Amino acid sequence: MVEKAMAKYSLDVTGEICPYPLMLTKQKMGALASGDQLAVMVDYAKSVEDIPRWAKEEGYSVLAVLEVGRTQWEIVLEKA
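Residues 1 to 80 (UniProt numbering) make up the sequence shown, in order.
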């Protein structure tokens, strides 16, 4: 059995406000293969709630929500 290696992608939506961080994340996740990971960089605080909530509703895994600066976060998702 040959396993496909998962790929890691990043999406920088800093400077974007609602609804763009979530819309762009949805678009990018839709293009990924199962098992792929996406690290989303955000600086809009509401996205820190909205993106993980949406991901869980879609059946994606939320691997991490990390504060990487005073007003910047990295949200790591994995496509199921």
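We treat Cβ as the ideally placed atom computed from N, Cα and C, and that holds for glycine.
Computed from a predicted structure; not experimentally measured.
Rounded to the nearest angstrom, how far is the Cβ of residue i from that of residue j, given a contact under 8 Å?
i   : j   : result
M29 : Y60 : 7 Å
L66 : E78 : Rounded, the Cβ-Cβ distance is 15 Å, inconsistent with contact.
D43 : T71 : 5 Å
T37 : K8  : Looking at the sequence itself, residue 37 is Gln, so the reference to Thr does not match. The pair is a contact, with the Cβ atoms about 5 Å apart (cut-off 8 Å).
Can you tell me where the beta strand (DSSP E) holding residue i begins and where it ends?
i   : result
A80 : No beta strand (DSSP E) holds A80; DSSP gives it neither H nor E.
M6  : From DSSP, M6 is part of no beta strand (DSSP E); its letter is neither H nor E.
A39 : Q37 to V42
Hey, could you find the ends of the alpha helix (DSSP H) residue i is sitting in?
i   : result
S61 : Here S61 belongs to no alpha helix (DSSP H); instead the beta strand (DSSP E) covers S61 to G69.
With a Cβ-Cβ cutoff of 9 Å, do residue i and residue j count as a contact?
i   : j   : result
S47 : I75 : yes
L11 : A39 : yes
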